[in-house]
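Below is one structure; the comments refer to it alone.
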Amino acid sequence: GEDVEQSLFLSVREGDSSVINCTYTDSSSTYLYWYKQEPGAGLQLLTYIFSNMDMKQDQRLTVLLNKKDKHLSLRIADTQTGDSAIYFCAEIVKTSYDKVIFGPGTSLSVIP
Amino acid sequence: DARVTQTPRHKVTEMGQEVTMRCQPILGHNTVFWYRQTMMQGLELLAYFRNRAPLDDSGMPKDRFSAEMPDATLATLKIQPSEPRDSAVYFCASGLASGGPSDTQYFGPGTRLTVL
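Residue numbers (this note's numbering), protein chains in the order written: chain A, 289 to 400; chain B, 556 to 671.
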């Protein structure tokens, strides 16, 4: 199937690290994405990782990719209240075109 | 600051009425996506256009929904007749199809539709 799975909710205290996990299905995905959706807004690309990488760091964000287990994670260091949002994992699936499949989203709540 | 724009931002209508949602993709982008987001179903792809041609509308209920791109600067999604179960937030996104990170989709702010 084309299911991308994520846990639906995560709650952390301000200043702690958040880790959002995702499992995907297509081992041939060339890119994997993390999108962020703030309340009342559309999705916004947060970061992406190329499939031949196992880690990518971008300021407070660290993406880890385990291709063998088809597992992707997003770590947010020093989580702030402004990080409260829904985070979507997405993979590319080869159909008649490169179709992006989004996960259900993980709602991150940051407790002050 | 290039953005995808969508109109209207909010729409309340009665069951049976026609609803038209509009999207202006980012200038120069050649792909347009329509998504529907609900609490129960999450984000569902309704339609995908590349160079104004519909490539995937498998997620769209054909009996009442239709999507078009009259020109490169306008995409429309119509529901006729609307039903209460169509209540959702409808997102338009645009991008460039090149097989790389630039396949990033840029989302509009969404149209929140309520059908009474």
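The beta carbon of each residue, even a glycine, is placed where N, CA and C say it ideally should be.
For B/GLN660, the nearest beta carbon of chain A is closer than 9 Å to its own beta carbon.
Rounded to the nearest angstrom, the gap between the Cα atoms of B/THR562 and A/ILE364 is 34 Å.
The beta-carbon of A/ILE308 is placed no less than 9 Å from the nearest beta-carbon of chain B. For the 9 Å CB-CB criterion, B/LEU632 and B/THR593 do not form a contact.
Between the region 322–335 of chain A and the region 349–357 of chain A, the count of C-beta pairs closer than 8 Å reaches three or more; the two stretches touch. Fully enclosed beta strand (DSSP E) runs of no fewer than 3 residues occupy 620–626, 629–634, 643–650 of the region 609–660 of chain B, in order along the chain. With respect to the 9 Å criterion, A/LEU362 and A/SER306 are classified as neighbours on the basis of their beta carbons.
Comparing C-alpha distances from B/GLY597 to each of A/LEU360, A/THR383, A/ILE374, A/LYS382 shows the shortest one belongs to A/ILE374. Taking a Cβ-Cβ threshold of 8 Å, none of the residues of chain B is close to A/LEU360; the smallest such distance is about 15 Å. For B/ARG605, the nearest beta carbon of chain A is closer than 9 Å to its own beta carbon. A residue is called buried once 16 or more other Cβ atoms fall within 10 Å of its Cβ, and B/VAL567, having fewer, is exposed.
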